[in-house]
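Number of protein chains: 2
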Amino acid sequence: MILTVTLNTALDITYRVRGLKPHASHRVTGVLERPGGKGLNVARVLAALGHEVTATGFAGGATGDVVRELLAATEGLHDALVPLGTGATRRTIAVVDDVTGDTTQLNEPGPAVTPTEWAAFQRRYDDLLPSADAVALCGSLPPGVPVNAYAGLIRTARAAGVPVLLDTSGEPLRRAVAARPDIVKPNADELAELTGSHEPLGAVQDARRRGAHAVVASLGAEGLLAHTPEGRWRAAPPASLHGNPTGAGDAAMAGLLSALVENLPWPDRLTRAAALSAASVLSPVAGEFDRGTYEELLGRVKVTGEVSAA
Amino acid sequence: MILTVTLNTALDITYRVRGLKPHASHRVTGVLERPGGKGLNVARVLAALGHEVTATGFAGGATGDVVRELLAATEGLHDALVPLGTGATRRTIAVVDDVTGDTTQLNEPGPAVTPTEWAAFQRRYDDLLPSADAVALCGSLPPGVPVNAYAGLIRTARAAGVPVLLDTSGEPLRRAVAARPDIVKPNADELAELTGSHEPLGAVQDARRRGAHAVVASLGAEGLLAHTPEGRWRAAPPASLHGNPTGAGDAAMAGLLSALVENLPWPDRLTRAAALSAASVLSPVAGEFDRGTYEELLGRVKVTGEVSAA
């Protein structure tokens, strides 16, 4: 199975309103609730692709209960979340303006995690690792979880011989890269924040020098840029799709993980990641994708690059 | 005890953000959760004043569970809410901008109530009425509850000899006024919508002609305007207080109810209502008030008017 770690799970709520105006009162015309947090988005895409996935991390409070109920309804997804004693899973609210099409995002801070809860999670992670074909560490850290958390989880996974994919930002990313994860998937902003360079080619090389074995940068409409021990590639869908970009990076992560555990070569991994990422843009919520578009794009993603000299 | 009816209860969530900008992403710096819906605000103010209150209406889903947990922690308040089978209590989100002080409101639609649930509520209401010294019917109707719901509840209460106070709007208000409630408490907009007149004095008289025994209009900073069989009065706090006007009308309702069951004369009822209304503006959430301000204002509210000729 594939193990996904979401330390800061969320209940993602999408509201539709007709014209968002600050200082006004709005009648919400549509409400959607989904399990959220990057790792749970990745897990849901993997489950939809037919993989067995185990989702761990933290869940708490009434919002955590709703997240777990929604996960229970997802075929192929095993819930191994660790309960919080008093903290509640955060909500994120995406307010979609039906007039302009714009989305305004309101993100609650995460719950405070106690040292006892963090220790309980680490035991759960250690128990799950031996059955994992790959592990994905995704998203922000809630308050109380040490900033070097991902670095420790990467070392444990590498010691167990389990490939680790990482998608986070800021200081947790900086610390984790030094622990030598197998693949890091930053977006353009995260890459620039890590390396200080806004030039993706140089920044990707810098991220590898900092410890990542492979770096796959997701550059929005420009697709993916990958530097790996096996070679360097760019993968891009035939055209930019208009829609909801939230979750596109998570869909790309799911594509990379899925193709990795199937032992596909890098160009095929990138094709799958780019096709899933583009197809997820057509879905109104993160963690889902348009299957017809995905299958059609698999044959149309263009991968260019070169294999490294042996 | 005092009975409050809230057919469309809510989980009121208050977010603090630094500068709300449409189409941007915002980190929420503070989250407050409170039981919501006008009737629950009234019930909480009554309980804080030391009255025994029973709150009925509907609650459902995970949000309903949170509302009930919060009510359970309120001394003097008895939870007699009727559970919904599948519908969930709506959320309301007040986004307070710490830069401008403005509040932007997002209100979910209410849950769909089935005919069976509506019948269960009516039985609960009939069971509770004999123990009630007064009943307050407050707020909007969720989908599925008939538009003449309040009219029926008023007739039942009047047949049982229990005084009825009403605070709603639109068509439910129009229908309910004809059923001859004891007191109706519209705000300026609701009064204008009911009567077609934006001139409060004439509109209040019109509302009485439509069936209300007494009308107490809440006119924001201008205080209260009351036309009753016993006389006509205006009650105003000494100065307009700056703060959160949400819930000011509910605090006024609680003041009227509280003084009614204590058999106080109209000028004292209006003093209490105006003082509570003004003191609630200093509270960041509806259903709560600043006790020091309330007690101080009790001696400073100015009531002017005349007793009717016998």
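Same order as they appear, the protein sequences are chains A and B.
Counted from 1, the first sequence has number 294 at position 294 by full-length UniProt numbering; the numbering is strictly sequential.
Counted from 1, the second sequence has number 34 at position 34 by full-length UniProt numbering; the numbering is strictly sequential.
Cβ atoms here follow ideal geometry from the backbone N, Cα and C, with glycine treated the same way.
- Counting C-beta pairs closer than 8 Å gives three or more between the stretch 168–179 of chain B and the stretch 140–159 of chain B, which meets the contact rule.
- Here P83 (chain A) has F58, A59, G60, G64 as same chain residues with Cβ atoms under 8 Å from its own Cβ, once five neighbours each way along the sequence are excluded.
- Close CB contacts of V135 (chain B) within its chain, under the 6 Å cut and outside five residues either way in sequence, are with L3, A157, V162, V164 (chain order).
- At a Cβ-Cβ threshold of 8 Å, P200 (chain A) and A217 (chain A) count as neighbours.
- If you draw a straight line from the Cα of T228 (chain B) to the Cα of N187 (chain B), it is about 16 Å long.
- Using a CB distance cut-off of 8 Å, V17 (chain B) counts as an interface residue toward chain A.
- DSSP places G255 (chain A) inside the alpha helix (DSSP H), whose first and last residues are 248–261.
- Around the beta-carbon of G299 (chain B), fewer than 16 other beta-carbon atoms lie within 10 Å, marking it exposed.
- The CB of N244 (chain B) never comes closer than 8 Å to any CB in chain A; the least such distance is about 13 Å.
- Counting along the chain, K38 (chain B) sits inside no beta strand (DSSP E); it lies in the alpha helix (DSSP H) bounded by residues 38–48.
- Taken atom to atom, the span from the alpha-carbon of L219 (chain B) to that of L256 (chain B) is near 15 Å.
- Only residues of its own chain outside the window of five on either side were considered, and among them D268, R269, R272 have a CB closer than 7 Å to the CB of A259 (chain B), listed in chain order.
- Between the stretch 226–244 of chain A and the stretch 293–307 of chain A, the count of Cβ pairs shorter than 8 Å is three or higher; the stretches touch.
- With contacts defined by Cβ atoms closer than 8 Å, R16 (chain B) and A80 (chain B) do not form a contacting pair.
- Between the alpha carbons of R208 (chain B) and V184 (chain B) lies a distance of about 9 Å.
- Boundaries around A119 (chain B) are those of the alpha helix (DSSP H), 115–128, since no beta strand (DSSP E) includes it.
- Here the alpha carbons of L297 (chain B) and D12 (chain A) stand approximately 44 Å from one another.
- B:T6 is the residue among B:T6, B:W233, B:G30 whose C-alpha sits nearest the C-alpha of R44 (chain B).
- Within the DSSP secondary-structure output, R210 (chain A) pairs in no beta bridge.
- Within chain A, the residues placing a beta-carbon under 8 Å from that of I93 (chain B) are I93, L106, ordered along the chain.
- In the DSSP assignment, G170 (chain B) falls within the alpha helix (DSSP H) that extends over 170–177.
- Flagged as an interface residue toward chain B: T103 (chain A), by a C-beta distance shorter than 8 Å.
- With fewer than 16 other beta carbons inside 10 angstroms of its own, A178 (chain A) counts as exposed.
- Spanning the alpha carbons of V307 (chain A) and M253 (chain A) requires a straight line of approximately 22 Å.
- Shown here, V281 (chain B) sits in a helix according to DSSP, grouped into three states.
- When the beta-carbon positions are compared, A112 (chain A) and G85 (chain A) stay at least 8 Å from each other.
- At the C-beta level, G247 (chain B) and G287 (chain B) come within 8 Å of one another.
- Excluding residues up to 5 positions away in sequence, S169, G170 lie with their Cβ nearer than 7 Å to the Cβ of E193 (chain B) in the same chain.
- Listed in chain order, the non-local C-beta contacts of L166 (chain A) below 6 Å within the same chain comprise L137, A176, P181, V184, local neighbours out to five positions each way being set aside.
- Between the beta-carbon of E108 (chain A) and that of T92 (chain A) there is about 7 Å, and that keeps the pair under the 8 Å contact cut.
- One finds P22 in chain A with Cβ atoms closer than 7 Å to the Cβ of L20 (chain B), taken in chain order.
- A10 (chain B) is not a Cβ neighbour of G30 (chain B), given a cutoff of 8 Å.
- At a cut-off of 8 Å between beta carbons, P109 (chain A) contacts chain B.
- Spanning the alpha carbons of G196 (chain A) and R210 (chain A) requires a straight line of approximately 13 Å.
- Under the three-state reduction of DSSP output, D79 (chain A) falls in the strand class.
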